[in-house]
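Read in order, the letters of the sequence shown correspond to residues 46 to 313 in the working numbering.
In what follows, a structure is listed as structure tokens, so that the remarks can point back to it.
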Amino acid sequence: MDTNSYIQSLLVTNPIRKTILPQMVRALRLPEGSQGLDAGCGIGHQCLLLAEEIGPAGHVTGLDISAGMLDYGREMVETAKLSERIFFQQGDVTNLPFDNHAFDWIWSVDCAGLVSTEPLSSLSELVRVVKPGGIVAIAAWSSEKLLPGHPRLEARLGATSAGIAPFVQEAKPEWHFLRALGWFNELKLRDIKARIFADNVHAPLNNEIRNALVELFRQRWPDMATELSDDELAEFQRLCLPESPDFILNLPEYYAFFTYTMFWAKVG
Numbered sequence: 046m047d048t049n050s051y052i053q054s055l056l057v058t059n060p061i062r063k064t065i066l067p068q069m070v071r072a073l074r075l076p077e078g079s080q081g082l083d084a085g086c087g088i089g090h091q092c093l094l095l096a097e098e099i100g101p102a103g104h105v106t107g108l109d110i111s112a113g114m115l116d117y118g119r120e121m122v123e124t125a126k127l128s129e130r131i132f133f134q135q136g137d138v139t140n141l142p143f144d145n146h147a148f149d150w151i152w153s154v155d156c157a158g159l160v161s162t163e164p165l166s167s168l169s170e171l172v173r174v175v176k177p178g179g180i181v182a183i184a185a186w187s188s189e190k191l192l193p194g195h196p197r198l199e200a201r202l203g204a205t206s207a208g209i210a211p212f213v214q215e216a217k218p219e220w221h222f223l224r225a226l227g228w229f230n231e232l233k234l235r236d237i238k239a240r241i242f243a244d245n246v247h248a249p250l251n252n253e254i255r256n257a258l259v260e261l262f263r264q265r266w267p268d269m270a271t272e273l274s275d276d277e278l279a280e281f282q283r284l285c286l287p288e289s290p291d292f293i294l295n296l297p298e299y300y301a302f303f304t305y306t307m308f309w310a311k312v313g
């Protein structure tokens, strides 16, 4: 997917995260006036939330590897008149371009820890740039139920290569994101916490939420036709494609939920 298409995808799906992400930010109790880093910030939506949480005396740096997404973020921040409080820099979360102990906290959502290779080295890089006593927080989408009444099909879709992405079959179990408590312990972080954050949507769906779910379906289960039986594929096409007369979002009783899991701790 090219950068512009990916940005559009983020914008379309953002409404289903509008409630859950502020809950996560508030749970961290970031100090007012602190300096923090959003590692893997994308187009910068969460930088706005973080800046609001730490107040006008605070500062947020957003880092992402994509120059195109950072350009979008700069325009958004300028429109919000927050350019003095939010700064963007291009870089790789596995090799941060910052000095040791440069920040009071670091936040990374749907980024750090979600690679199919050994996660400790990249997480230790996050820890490196946080001051002693500062907070390291990582979070990721961790579950969903989007096809009410069709648990077998949803389980089958979840078992496809696309459904379990970005984790891959060859990866070690201890590299899975939900094993992050072990990573934090190995890095000798303290006051380790883990919490699940849930949200839901239900009929009647407004256009914004409906469009977000349509895009989420497309994101979650792309290119899985070769892994489904003919009957499973037919059922998927009947229930999950907007052009189908039986599209599941048309149900007057449609309901779905999803969760994020966040791990956070203090640097020793």
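Glycine is no exception: its CB is placed at the ideal position from the N, C-alpha and C atoms.
These numbers were taken from a predicted model, which means no experiment stands behind them.
Counting along the chain, the unbroken alpha helix (DSSP H) around Arg265 starts and ends at Asn252 to Arg265. Under the three-state reduction of DSSP output, Met69 falls in the helix class. DSSP assignment within the region 174-200 yields the following whole beta strand (DSSP E) runs of 3 residues or more, N-terminal first: 175-190.
For Gly107, the secondary structure class from DSSP, reduced to helix, strand or coil, is strand. For Gln91, the enclosing alpha helix (DSSP H) starts and ends at His90 to Ile99.
Rounded to whole angstroms, the gap between the alpha carbons of Gln91 and Gly118 is 10 Å. Taking 8 Å as the cut-off, the beta carbon of Phe308 is found closer than this to the beta carbon of Ala239.
Taking 8 Å as the upper bound for CB-CB distance, Arg71 and Glu98 are in contact here, some 7 Å apart.
Counting every other CB atom within 10 Å of its CB across the protein chains shown gives Tyr300 a total below 16, marking it as exposed. DSSP, reduced to helix, strand and coil, places Ser79 outside both helices and strands of the structure shown, so it counts as coil. A contact between stretches requires three or more CB pairs, one per stretch, nearer than 8 Å, and the region 189-201 fails this requirement with the region 153-166. Rounded to whole angstroms, Trp228 and Asn245 show a C-alpha spacing of 30 Å. The criterion of a C-beta distance shorter than 8 Å is satisfied by Pro60 and Ala257. By the Cβ test, the region 166-175 is not in contact with the region 202-220, since fewer than three Cβ pairs between them sit closer than 8 Å.
The C-beta distance from Pro101 to Arg130 rounds to 7 Å, short enough to meet the 8 Å contact threshold.
Measuring C-alpha to C-alpha distances from Ala84 to each of Val138, Leu223 and Phe133 identifies Val138 as the nearest.
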